[in-house]
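*Asks:*
There are 2 protein chains.
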Amino acid sequence: MSETNRLLQAFNHTTHQVGGHGKRNLQVLKDALADLDGSLPSDMYGTGKVMEDFQTKMANFLGKEASVFFPSGTMAQQIALRIWCDQQGLKRVAYHPLSHLEIHEEDGLKELHQIEPVLLGDENRVIHLQDVLNMQEEIACLLLELPQREIGGQLPDYQELEAISAHCREKGIKLHLDGARLFEILPYYQKTAEELCSLFDSVYVSFYKGIGGIAGAILAGDEAFAQQSKIWKRRHGGDLISLYPYIISADLYFDQRLPKMEQYFTEARELASFYNQCQAVATRPLEPVSNMFHVHMQVPRAQLEPILVSIYEETGIGLTPYLRESDDHSCTFEVSIGDRYATIPRAELAHVFHLLDERIRAIRPLSR
Amino acid sequence: MSETNRLLQAFNHTTHQVGGHGKRNLQVLKDALADLDGSLPSDMYGTGKVMEDFQTKMANFLGKEASVFFPSGTMAQQIALRIWCDQQGLKRVAYHPLSHLEIHEEDGLKELHQIEPVLLGDENRVIHLQDVLNMQEEIACLLLELPQREIGGQLPDYQELEAISAHCREKGIKLHLDGARLFEILPYYQKTAEELCSLFDSVYVSFYKGIGGIAGAILAGDEAFAQQSKIWKRRHGGDLISLYPYIISADLYFDQRLPKMEQYFTEARELASFYNQCQAVATRPLEPVSNMFHVHMQVPRAQLEPILVSIYEETGIGLTPYLRESDDHSCTFEVSIGDRYATIPRAELAHVFHLLDERIRAIRPLSR
């Protein structure tokens, strides 16, 4: 068995796992349906009470005229950008070089919509006002991902967001929020979703990240935007006869977990500080601004994996199921805090990090 | 209340409803999950046992190298046509003028893929070999929908299908099967799915029509085709983190209802003959070739609706929840036979048609 498989296997055998809400298994759906009566009618091709009620609820929460449920954010966001491009008569948008659209969607935006992206700013930081001001190209829409997931979930200052929004409005550039983790950043900004979304013309939110649903997304904006997005949803093949398995679970877990976002945020900062106390380990960002962060360890994978496996086996606590080698002598992985974290005895967790620090110190001389 | 709403309301209050499997409600999903353990892991972005097992099962059933689960047929079929067009270097396909792609998808094929369709044959009949032979345009792919839903579910002779397939192979034209109701036509053709699909390069089947699942589709073909379709699925936003609610229900209801397709077919022919014995009523086709047909009644809607409402109320049996006015003096509606039909006492059903015939005869002199 490879070390990687050993790490995953050891992780799967732990009693406590530090990230997430729990296993992604059928129980998540069963729990969502348990209290509902079987007579609840399905939605039908975008209509029906179960869908319309949730769309109204989310439109209100986000402070937008209307919202539309989508099977995925990939679909919702391409469509948002397409609508704004068509409206502006300009097939160019701007987003971060590590945007989901650029690195995880097989170039759907280019292949299906012939929209050209301008990669704005630097891979290693968030987009700043100055990047927008310096942009040479004319664009129809600017997409901001808050938090910027691929760099550990970082955020610009709220004042900078306001300035970017004001600039876009002045220039007639539409501003779209990739809010895959929008709920998760509200505690840091100390803003309501409505306040934050008021800076944007359109907003996408996801229900299987911090919310922990099965799948699904909401796209919100003004009424005309929402209507057009339904036509494009049909074109993309996303206007299913029934989306209720996703809607029901999104709705239930939204109610359950939205009030816990502050807790996840606090716990993420606590966990990050545990990591940052270890030799050769740093989180990114150093102080999380949401429930997520990345961990960077200046230890070669071949040495780090046995350490982690030994700690998982001794303590029954699993830190990460995987390691990504960033170069020959360091590794990185992502952490997102959910319901599980609160169930782990703090003293035991402190002991895990004591062991981690000790064992990294023991091998570090060998690695240089 | 409008007559239309009265008809729907009267239908909803009947004890027996003639078409379909039952109400599309949450119970359909609850039943599909009931016997499964909550520990069953979710699929993950197109991978995982629950998805891969079902894909293998369907590839075997359809006699293709590989199959890929999709959230919708709209997505699956656009992608099939796109793959064949790209492979042939020609963005033109042919299909029936009433193809789902032409009338129900908001022109997704044209808007997202810039594929130009040739509308082959006549609105009022299926595509024949002669239509294919007469076609002036070069095409990358021919799509055949079996049965042709919008004309009551009609089929070409099997020998004609074989001839079309042979012609396409000779000319290097890819042949794609819109098999939204493929399972439903096997009893008529007296062929296995594998035999029928061997005439085609790619095949789409649906799981919420005769099978009665929640939603979802399979696209099958050779290994390279399947691999490409996964890339396009990601681009379309259909590569969800979890599709298991659809897969599980598709799998369960496939096992339950595939063996009943012969029964539905027989029942459809019985029901059609009941209709055809009534004054001014004819089914299309006269003898169904699947579980479905259309009913055409040469009676004005304003006169037909009160008749139907009175029969529903007196007998507790509902024939159709809606009527579509085809012109000033006739109406039409669609019937698909499912599990419900077998539960209706035959003598009571015969009585319904006795009443229908009697009451149409009574008003027919007034309508001319």
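Chains as they are written, first to last, in numbering that gives the first Met the number 0: chain A, 0 to 367; chain B, 0 to 367.
Just so you know, even glycine gets a beta-carbon here, dropped at the ideal spot from N, CA and C.
Let me know if G236/B comes out buried or exposed under the rule of 16 or more other beta-carbons within 10 Å of its beta-carbon.
*Replies:* Indexing the second sequence from 1 puts residue 236/B at position 237. Per the 10 Å Cβ criterion, buried.
*Asks:* Whose Cβ in chain B lies nearer than 7 Å to the Cβ of I213/A?
*Replies:* Here residue 213/A is taken as the residue at index 214 of the first sequence, counted from 1. In chain order: S241 and P244.
*Asks:* At a Cβ threshold of 7 Å, is G178/A touching chain B?
*Replies:* Position 179 of the first sequence, counted from the start, is the residue given in the question as residue 178/A. Taking Cβ atoms only, chain B never reaches closer than 7 Å to G178/A, which makes this a no.
*Asks:* So what does DSSP say about G107/B, is it helix, strand or coil?
*Replies:* Residue numbering aside, residue 107/B sits at position 108 when the second sequence is read from its first letter. Of the three classes helix, strand and coil, the one that applies to G107/B here is helix, per DSSP.
*Asks:* Could you give the uninterrupted runs of the beta strand (DSSP E) lying entirely in the stretch 289-337 of chain A, keeping only those of 3 residues or more?
*Replies:* 291-296, 323-326 and 329-335
*Asks:* Identify whether I165/A lies in helix, strand or coil by the three-state DSSP scheme.
*Replies:* Along the first sequence, one-based indexing puts residue 165/A at 166. Before going on, a small fix: residue 165/A reads as Ala here, not Ile. A165/A falls in the helix class under three-state DSSP.
*Asks:* E357/B to I306/B, Cα distance in whole Å?
*Replies:* Translated into the one-based positions of the second sequence, residue 357/B becomes position 358. Translated into the one-based positions of the second sequence, residue 306/B becomes position 307. So the alpha carbons of these two residues sit roughly 10 Å apart.
*Asks:* Can you say whether G178/A is buried or exposed, counting buried as having 16 or more other CB atoms within 10 angstroms of its CB?
*Replies:* Numbered from 1 along the first sequence, position 179 holds the residue referred to as residue 178/A. Classification for G178/A: buried.
*Asks:* According to DSSP, is P186/B part of a helix, a strand, or is it coil?
*Replies:* Along the second sequence, one-based indexing puts residue 186/B at 187. Residue state, collapsed to three classes: helix.
*Asks:* By the DSSP assignment, the alpha helix (DSSP H) with C196/B in it spans what residues?
*Replies:* Reading the second sequence from its first residue, position 197 is the one you call residue 196/B. A192 to C196 is the extent of the alpha helix (DSSP H) around C196/B.
*Asks:* L365/B by DSSP, collapsed to three states: which one?
*Replies:* The residue labelled residue 365/B in the question sits at position 366 within the second sequence. Confidence in L365/B is poor, its pLDDT being 47 and thus under 50, which makes the residue's placement too unreliable to answer from.
*Asks:* At the level of alpha carbons, what is the spacing between I330/A and Y321/A?
*Replies:* Residue mapping note: residue 330/A aligns to position 331 of the first sequence, counting from 1. Residue mapping note: residue 321/A aligns to position 322 of the first sequence, counting from 1. For the sequence presented, residue 330/A should be read as Cys rather than Ile. Cα to Cα, the separation comes out at about 10 Å.
*Asks:* I'd like to check one pair, T282/A with F292/A: are the Cβ atoms closer than 7 Å?
*Replies:* Taking the first residue of the first sequence as 1, we reach residue 292/A at position 293. Taking the first residue of the first sequence as 1, we reach residue 282/A at position 283. Contact: yes.
*Asks:* Give a yes or no on whether the minimum CB-CB distance between S201/B and chain A is below 7 Å.
*Replies:* Working through the second sequence from its first residue, we reach residue 201/B at position 202. With 7 Å as the cut-off, S201/B does not count as an interface residue toward chain A.
*Asks:* What would DSSP say about V17/B, mapped onto helix, strand or coil?
*Replies:* Taking the second sequence and counting its residues from 1, the one referred to as residue 17/B is at position 18. In this structure, V17/B counts as coil in the three-state DSSP scheme.
*Asks:* What's the C-alpha gap between F60/B and T55/A?
*Replies:* Counted from its first residue, the second sequence places residue 60/B at position 61. Counted from its first residue, the first sequence places residue 55/A at position 56. In a straight line, the C-alpha of F60/B is about 43 Å away from that of T55/A.
*Asks:* What's the call for I102/B, buried or exposed, on a 16-neighbour Cβ count within 10 Å?
*Replies:* Mapped onto the second sequence, residue 102/B falls at position 103. Of the residues assessed, I102/B falls on the exposed side of the cut-off, its CB having fewer than 16 other CB atoms within 10 angstroms.
*Asks:* I'd like to know whether the C-beta of H235/B is nearer than 7 Å to at least one C-beta of chain A.
*Replies:* For the purposes of this step, residue 235/B is identified with residue 236 of the second sequence, where counting begins at 1. Judged by the 7 Å Cβ criterion, H235/B is in contact with chain A.
*Asks:* What does the alpha-carbon distance come out to for the pair Q227/B and V202/B?
*Replies:* For the purposes of this step, residue 227/B is identified with residue 228 of the second sequence, where counting begins at 1. For the purposes of this step, residue 202/B is identified with residue 203 of the second sequence, where counting begins at 1. Spanning the two alpha carbons is a distance of roughly 14 Å.
*Asks:* What residue range is occupied by the uninterrupted beta strand (DSSP E) comprising R339/B?
*Replies:* Residue mapping note: residue 339/B aligns to position 340 of the second sequence, counting from 1. Segment: none, R339/B is in no beta strand (DSSP E) and carries neither H nor E.
*Asks:* Taking 8 Å as the threshold, find out whether the stretch 255-270 of chain B comes into contact with the stretch 297-312 of chain B through three or more Cβ pairs.
*Replies:* no
*Asks:* Just to confirm the assignment, what range does the alpha helix (DSSP H) spanning T265/A have?
*Replies:* In the first sequence, counting from the first residue as 1, residue 265/A sits at position 266. The continuous alpha helix (DSSP H) containing T265/A extends over residues M260 to N275.
*Asks:* Let me check one thing: in DSSP terms, what residues is R23/B bridge-paired to?
*Replies:* Residue mapping note: residue 23/B aligns to position 24 of the second sequence, counting from 1. According to DSSP, which records beta bridges pairwise, R23/B is partnered with nothing at all.
*Asks:* Could you tell me the distance, in whole angstroms, from the CA atom of D34/A to the CA atom of K22/B?
*Replies:* For the purposes of this step, residue 34/A is taken as the residue at position 35 of the first sequence. For the purposes of this step, residue 22/B is taken as the residue at position 23 of the second sequence. Each residue's Cα considered, the two are about 19 Å apart.
*Asks:* Hey, is S228/B's beta-carbon within less than 7 Å of any beta-carbon in chain A?
*Replies:* Counting from 1 along the second sequence, the entry for residue 228/B is found at position 229. So, not an interface residue.
*Asks:* In whole angstroms, what is the alpha-carbon distance linking N123/A and R323/A?
*Replies:* Taking the first sequence and counting its residues from 1, one reaches residue 123/A at position 124. Taking the first sequence and counting its residues from 1, one reaches residue 323/A at position 324. Rounded to the nearest angstrom, the two C-alpha atoms are 17 Å apart.
*Asks:* Quick one: which residues of the stretch 14-36 of chain A get their C-beta closer than 9 Å to a C-beta of chain B? List them in chain order.
*Replies:* So the close ones are K22, R23, N24, L25, Q26, V27, L28, K29, D30, L32, L35 and D36.
*Asks:* To the nearest angstrom, report how far apart T14/B and L348/B are at their CA atoms.
*Replies:* Here the question's residue 14/B lines up with position 15 in the second sequence. Here the question's residue 348/B lines up with position 349 in the second sequence. If I take the Cα positions, the gap works out to 12 Å.
*Asks:* Cβ of E144/B less than 7 Å from any chain A Cβ?
*Replies:* Here the question's residue 144/B lines up with position 145 in the second sequence. No, E144/B does not count as interfacial toward chain A.
*Asks:* Rounded C-beta distance between G215/A and A249/A? I'm assuming under 8 Å.
*Replies:* Counting from 1 along the first sequence, the entry for residue 215/A is found at position 216. Counting from 1 along the first sequence, the entry for residue 249/A is found at position 250. Contact flag correct, Cβ pair sits at about 5 Å.
*Asks:* I want to know whether the stretch 160-177 of chain B touches the stretch 103-117 of chain B - three or more CB-CB distances under 8 Å.
*Replies:* no
*Asks:* So which residues on chain A does P40/B lean against when the C-beta distance must stay under 9 Å?
*Replies:* Counting from one through the second sequence, the residue named residue 40/B turns up at place 41. In chain order: K22, R23, N24 and L25.
*Asks:* Kindly say whether Y44/A, judged by its beta-carbon, lies nearer than 7 Å to any beta-carbon of chain B.
*Replies:* In the first sequence, counting from the first residue as 1, residue 44/A sits at position 45. No, no contact with chain B.
*Asks:* Using CA atoms only, rank isn't needed, just tell me which of T314/A, I240/A, K229/A and Y188/A is closest to S205/B.
*Replies:* Taking the first residue of the second sequence as position 1, residue 205/B is located at position 206. The candidate whose alpha carbon is nearest that of S205/B is I240/A.
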